[in-house]
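Sequential numbering from 507 applies to the sequence shown in my numbering.
Quick notes on the structure that follows.
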Amino acid sequence: MEAYQYPYYYEIALAPGAPHREVDFFEAAIEKFSRVSVRRVLELGAGTAPYLEEWCKRGYAYCGLDLSPAMLEYARDKARRIGAAASFVLGDMRKLDRNLGRFELVYVLLGSLYVRSNAEFLDHLDRIADLLAPGGLYLLDSFVWFRIFHQYKRSWVRRKAGVVVRTRYRAELLDAIAQTYDECLTFTVNDHGRVATIDGRVPAKVFFPQEFLSLVERSERHEFLGWYNDFSFSASLRPEGRHIAILRRR
Ligand SMILES: C[S@@+](CC[C@H](N)C(=O)[O-])C[C@H]1O[C@@H](n2cnc3c(N)ncnc32)[C@H](O)[C@@H]1O
């Protein structure tokens, strides 16, 4: 998890370009599908809490859960600076506390749901159902793998205030039968002439679309409402891009 000990570099590398557009999509999903009015939202693997300010501006109470104290401290600082009504929980999403609170919306971004087997995913869906109000939504971004024969590898460079971060993302197969892989994230940072390489890997499991649907059905506690490309209800569904799966708590 080394890469998640450096929130400032993480934010340069991965902050969303247009958080308002993505929260617009979340609000449209609430409008279209939620059976409860939404006040409290929970982000799993919240990291630097990229949408915190948008949620706060729109009157929602935000809660972010993460395993990295450094990421959470950074997010807390952000909340203090903007005076946001927010709470933060240091915790492992694989052992999500069923008594964490009551939320009307839960979401996870950038595929940051690090479960390692179908059994763990079913247990996770059960725990989420305990936290969600009936009729509330669970939104999962980029969790399901739509490109079965694709090499999941990307690299890019971003700059901010004299700091240059080159990011490499790749999925390294661990066990083809168990469908497990390491999510590897490497930052090569040049911070005003000081150069460092920061590596991180988190084990996870690949979930393919039909497998995901079967598991949701088997969980019996959520209904699958659809998946949508790139935070849009009008874009056509295709294997490329980001996919948001929307579940509703029964
Ligand atoms: C790719 S980042 C996503 C951060 C943020 N949601 C975003 O969109 O920028 C993944 C986050 O998940 C956290 N994480 C990894 N394993 C976790 C676990 N088992 N429980 C809770 N958080 C975890 C990491 O610390 C990191 O902040």
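Cβ coordinates follow ideal geometry from the N, Cα and C atoms, glycine included.
7 angstroms Cβ shell around residue i - same chain, five flanking residues per side excluded
| i | result |
| --- | --- |
| Tyr-687 | Ala-677, Glu-678, Leu-679, Leu-680, Ala-710 and Val-712 |
Cβ pair residue i, residue j closer than 7 angstroms
| i | j | result |
| --- | --- | --- |
| Val-544 | Glu-610 | yes |
| Ala-521 | Leu-558 | no |
| Arg-664 | Ala-534 | no |
| Arg-633 | Leu-602 | yes |
| Arg-755 | Ala-635 | yes |
Beta-carbon contacts of residue i that lie in its chain and below 8 angstroms, excluding the five residues immediately before and after
| i | result |
| --- | --- |
| Tyr-516 | Ala-509, Tyr-510, Gly-553, Thr-554, Met-577 and Phe-693 |
| Val-650 | Phe-713, Phe-714, Pro-715, Phe-718, Trp-733, His-749 and Ala-751 |
Whole-number beta carbon distance between residue j and residue i, since they are thought to touch under 8 angstroms
| i | j | result |
| --- | --- | --- |
| Pro-745 | Arg-653 | 5 angstroms |
| Val-708 | Glu-726 | The pair is not a contact, with the Cβ atoms about 29 angstroms apart (cut-off 8 angstroms). |
| Asp-647 | Val-614 | 7 angstroms |
| Leu-616 | Leu-548 | So it is not a contact: roughly 16 angstroms between Cβ atoms. |
| Ala-702 | Val-695 | 5 angstroms |
Rounded straight-line distance, which links the Cα of residue j to that of residue i
| i | j | result |
| --- | --- | --- |
| Val-542 | Ile-704 | 42 angstroms |
| Leu-719 | Tyr-734 | 14 angstroms |
| Asn-624 | Val-722 | 10 angstroms |
| Phe-739 | Arg-700 | 44 angstroms |
| Ser-618 | Glu-626 | 14 angstroms |
| Gly-732 | Phe-539 | 10 angstroms |
| Ala-581 | Met-599 | 17 angstroms |
| Phe-532 | Ala-592 | 18 angstroms |
| Ile-536 | Arg-564 | 13 angstroms |
| Pro-575 | Gly-551 | 12 angstroms |
From the options, residue whose alpha carbon lies closest to that of residue i
| i | options | result |
| --- | --- | --- |
| Glu-560 | Gly-747, Arg-527 and Ala-684 | Arg-527 |
| Val-669 | Arg-622, Val-612 and Asp-697 | Asp-697 |
| Pro-513 | Ser-742, Tyr-658, Tyr-675 and Asp-572 | Asp-572 |
| Asn-605 | Ala-639, Pro-575 and Asp-583 | Ala-639 |
| Leu-645 | Glu-729, Leu-743 and Arg-674 | Glu-729 |
| Arg-546 | Ala-667, Ile-683, Tyr-620 and Leu-643 | Leu-643 |
| Gly-641 | Arg-608, Thr-673 and Tyr-620 | Arg-608 |
Nonlocal neighbours in the same chain, by C-beta distance under 6 angstroms from residue i, ignoring five residues either side
| i | result |
| --- | --- |
| Phe-737 | Glu-528 and Phe-531 |
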